[in-house]
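Residue numbers (the numbering used here), protein chains in the order written: chain A, 159 to 550; chain B, 159 to 550.
C-beta: ideal position from N, C-alpha, C; glycine also.
Source: prediction; values computed, not measured.
What follows is a set of notes on a single structure, which appears directly below.
There are 2 protein chains.
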Amino acid sequence: MKALEGVKVLDLTHAYNGPFCTTLLADNGADVIKFEPIQGDQCRSWGPIDEKSGESGFYAFLNRNKKGVTLNLKNEKAREIFYDLVKDADVVVENFRAGVSKKLKVDYETLKEINPSIIYASGSGFGQYGPLSNRPCYDIVAQSMGGMVNMTGFPDSPPTKVGPSIADNVTGIYLCVGVLMALFNRERTGRGQQVDVAMADTIFSLLENAIVTTTMDGVIPQRQGNIDPSIAPFDIYEAKDGYIAIGVGNDRLFKTFCETIGREDLLDDPRYQTNDLRCKNYTNGLQQLISEWVATKGKKEIEDLFDKAGIPCGPVLDMQEAIDHPHFQAREMMVHMDHPTIGEMYFQGCPIKLTETPGSVDTPAPLLGQHNKEVFGLTDEELESLKAEGVM
Amino acid sequence: MKALEGVKVLDLTHAYNGPFCTTLLADNGADVIKFEPIQGDQCRSWGPIDEKSGESGFYAFLNRNKKGVTLNLKNEKAREIFYDLVKDADVVVENFRAGVSKKLKVDYETLKEINPSIIYASGSGFGQYGPLSNRPCYDIVAQSMGGMVNMTGFPDSPPTKVGPSIADNVTGIYLCVGVLMALFNRERTGRGQQVDVAMADTIFSLLENAIVTTTMDGVIPQRQGNIDPSIAPFDIYEAKDGYIAIGVGNDRLFKTFCETIGREDLLDDPRYQTNDLRCKNYTNGLQQLISEWVATKGKKEIEDLFDKAGIPCGPVLDMQEAIDHPHFQAREMMVHMDHPTIGEMYFQGCPIKLTETPGSVDTPAPLLGQHNKEVFGLTDEELESLKAEGVM
């Protein structure tokens, strides 16, 4: 049994943030029905594209474990079909552009008339209220306005966006938290509600002490590259064959560190006696000294040395190295899936490990409209007729 | 009423990832009791430090809404006090180093003997099983090994860590998802379980299509700076007074974009007819042309122009600009809190907006051991005597 078995989710999401939420729900047993317009989720054209089938690898990893139907919500008959499903659904998730759900008459106000205990989750760039709620947004915009971009990168480099789209996917995770809180509350009160998460708010919420540093100290944090202003040594160094992160968080570890690199002499150096002093004297001495030592070694050699000594460290892995790493392999962070048209796929598994109700990847992403007959309870003739009418 | 009212959480966490999970729970109504060793959570020494009181601003924003007690879990009497609270608790959250919870006899195996329906959530660097589960970890190590660092930054810059500690805080959010799934399942089955989230897994789970690009195409994604290889124009540009992100996701928007910058001539340029062509001809032409246009304008001027035209864009905000921005103000992403020793504080609010059971920041972070009497039900004399014994 999975944790969310019996929870019925009507998934109106497209692109990335909404679907990431419903993936977490589907991986953990919710019955997720993904509704796509007749032309399909835009994400079906996002790379990588399988050459043979023309199918999107992006769509395929993101929509595993979901059933897929098509429905043209601009069509009245389609809308009635949808309303009928809302009656005994638990959750609706959407990430339409502002105003679209209302125009399509699938907004919360409309659906709660049909099912007052429905939980309606909305992911967006700038939220369901506020001065920017109507503004379009991409991940890069949310990262920029949320304050993340200005604090990522080196002091002498331009502000830098986080490579992967973390405004999107963390918004999906927060949406999932909201849905689960609302579900738990509904078990006790019977009441539904709307969940509202904005990508800009998500990014803002991840800034940790940058906010209090600004409001308490009046200091606006700036880009620091790979160092931590309050711990030293704590940096990413270039070894003979790549980069490696090393963190030395306290005096005890610094002693071990000096012994490990054969530089016990540093322990007597007045510049490095405390973490505070090491921070002050890091970029003007300690950093170069360590960089020179690291440059003479291989990543693996350093990792083994420091692992034995109990010093936190780890190589900067590229995507292939991470995929193949024994840690991610043992944790089933990569799973195999046979896709009906792409064939054998190999993509990310479930990051939340539950001992009694483990999540898993069981079924491939749906082909466009694959579950129309099953979900809508149609004969072949009915399906053809509704297709001809432009309903699905 | 809040969503999680009545849920009792025993919070054994310290530092950042575990506490971020219990903050989400506490903001939404769970009764969170934070257990600290007698010397306090290490995070009480993390900056910014209030000069007057010596109190940590980091600790203060992160531990709002929680009750605080001290307990020396190495002491047998302290452990008995803890076990007594476990009997009617719903959730235990911990992020001890591997092996510590077992040594302290507060591991899941021990606690489920006392309360079989307990939900026990564990945050760690490398998880409760797997070849690295005993290895110490910092955020920078998880970001590096998880694959994020290698994909952040510019092609000609070193691999770059994300400024804020997203391995920590997103692990906290996933832990919260796990706790809520387990709580929901327990409502139906009565069964408890353990939740296991690793910082390295968290980072790995955020890499979106980088993984399928590697496994399907055999191409290892590399750092791309601020551009998106599959959309153009999509970048961060330097204006007269700072940086601004602009994203032009399709042909329709590109037409509007060209009209807005007064360059309708580009619409006839064969190099820019489709998104695919624009991607191919971005860094060798289009990028410079747009950069030159942006460089002659102010951020606000561009934002206003593009906002009117419906083109996704937004300035790169520094921490002060973000805090003051009308969007974050209207969304209550900043809240005021009166702290007993620091005084007036101003820090981050709740990113998940629930219409019927909104989360909120109601009480300041606890002083060390502030709720010992209340939570443990002690008289002044008993408290003093237990303190003298080294129990709390």
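Going by alpha carbons, who is nearest to residue i out of the options?
| i | options | result |
| --- | --- | --- |
| residue 450 of chain A | A:181, A:410 and A:401 | A:401 |
| residue 319 of chain A | B:359, B:287, B:365 and B:403 | B:403 |
| residue 343 of chain A | B:165, B:523, B:457 and B:532 | B:165 |
| residue 381 of chain A | B:263, B:477, B:186 and B:264 | B:477 |
| residue 426 of chain B | B:442, B:520 and B:409 | B:409 |
| residue 185 of chain B | A:300, A:330, A:339 and A:194 | A:339 |
| residue 246 of chain B | B:178, B:273 and B:284 | B:273 |
| residue 405 of chain A | B:297, B:205 and B:177 | B:297 |
| residue 177 of chain A | A:162, A:223 and A:493 | A:223 |
| residue 443 of chain A | A:163, A:498 and A:424 | A:424 |
| residue 433 of chain B | B:417, B:453, B:448 and B:411 | B:411 |
| residue 326 of chain B | B:173, B:367 and B:218 | B:173 |
| residue 161 of chain B | B:171, B:187, B:175 and B:237 | B:187 |
| residue 466 of chain B | B:428, B:418, B:287 and B:312 | B:418 |
| residue 366 of chain B | A:328, A:378, A:261 and A:473 | A:328 |
| residue 526 of chain B | B:180, B:197, B:175 and B:445 | B:197 |
| residue 330 of chain A | B:348, B:234, B:312 and B:364 | B:364 |
| residue 379 of chain A | A:468, A:346, A:232 and A:317 | A:317 |
Might you give, ordered along the chain, the residues of its own chain that have their beta carbon closer than 6 Å to the beta carbon of residue i, omitting 5 neighbours on each side?
| i | result |
| --- | --- |
| residue 550 of chain A | 228, 229, 530 and 544 |
| residue 265 of chain B | 259 |
| residue 464 of chain B | 471 |
| residue 390 of chain A | 436, 437 and 440 |
| residue 452 of chain A | 395 and 397 |
Excluding five sequence neighbours on each side, which residues of the same chain lie with their C-beta closer than 7 Å to the C-beta of residue i?
| i | result |
| --- | --- |
| residue 510 of chain B | 517 |
| residue 208 of chain B | 215 and 500 |
| residue 361 of chain B | 300, 301, 304, 305, 306 and 325 |
| residue 474 of chain B | 394, 400, 401, 402 and 403 |
| residue 482 of chain B | none |
| residue 312 of chain A | 381 and 383 |
Kindly say whether residue i, judged by its beta-carbon, lies nearer than 8 Å to any beta-carbon of chain B.
| i | result |
| --- | --- |
| residue 306 of chain A | yes |
| residue 437 of chain A | no |
| residue 414 of chain A | no |
| residue 315 of chain A | yes |
| residue 224 of chain A | no |
| residue 458 of chain A | no |
| residue 368 of chain A | yes |
Answer yes or no: does any C-beta atom of chain A fall closer than 8 Å to that of residue i?
| i | result |
| --- | --- |
| residue 334 of chain B | yes |
| residue 397 of chain B | no |
| residue 211 of chain B | no |
| residue 506 of chain B | yes |
| residue 342 of chain B | yes |
| residue 349 of chain B | yes |
| residue 452 of chain B | no |
| residue 474 of chain B | yes |
| residue 363 of chain B | yes |
| residue 455 of chain B | no |
| residue 401 of chain B | yes |
| residue 359 of chain B | yes |
| residue 449 of chain B | no |
Can you tell me whether residue i is helix, strand or coil according to DSSP?
| i | result |
| --- | --- |
| residue 239 of chain B | helix |
| residue 339 of chain A | helix |
| residue 391 of chain B | coil |
| residue 471 of chain A | strand |
| residue 497 of chain B | strand |
| residue 224 of chain A | coil |
| residue 321 of chain A | coil |
| residue 209 of chain A | coil |
| residue 245 of chain B | coil |
In chain order, what residues of the same chain lie with their CB nearer than 8 Å to the CB of residue i, ignoring the 5 residues before and after it?
| i | result |
| --- | --- |
| residue 341 of chain A | 165, 248, 249 and 277 |
| residue 456 of chain B | 397, 398 and 399 |
| residue 494 of chain B | 502, 503 and 504 |
| residue 480 of chain B | 486 |
| residue 555 of chain B | Examination of residue 555 of chain B is not possible in this model, given that chain B is present from 159 through 550 alone. |
| residue 350 of chain A | 270, 273, 274, 275, 276, 277, 278, 340 and 344 |
| residue 225 of chain B | 189, 190, 191, 192, 524, 528, 529, 532 and 533 |
**Message:** Under 8 Å, with one C-beta from each stretch per pair, do the stretch 239-247 of chain A and the stretch 201-219 of chain A reach the 3-pair mark?
**Reply:** no
**Asked** Would the stretch 187-194 of chain A and the stretch 482-491 of chain A be scored as touching if the rule is three or more Cβ pairs under 8 Å?
**Response** no
**Prompt:** Within the chosen definition, does the stretch 280-291 of chain A reach the stretch 341-358 of chain A through at least 3 CB pairs nearer than 8 Å?
**Reply:** yes
**Prompt:** If we count Cβ pairs, one from each stretch, closer than 8 Å, do we get three or more for the stretch 368-380 of chain A versus the stretch 288-297 of chain B?
**Reply:** no
**Asked** Taking a cut of 9 Å between CB atoms, which residues from the stretch 478-507 of chain B lie near chain D?
**Response** Among the protein chains in the structure shown, which are A and B, there is no chain D.
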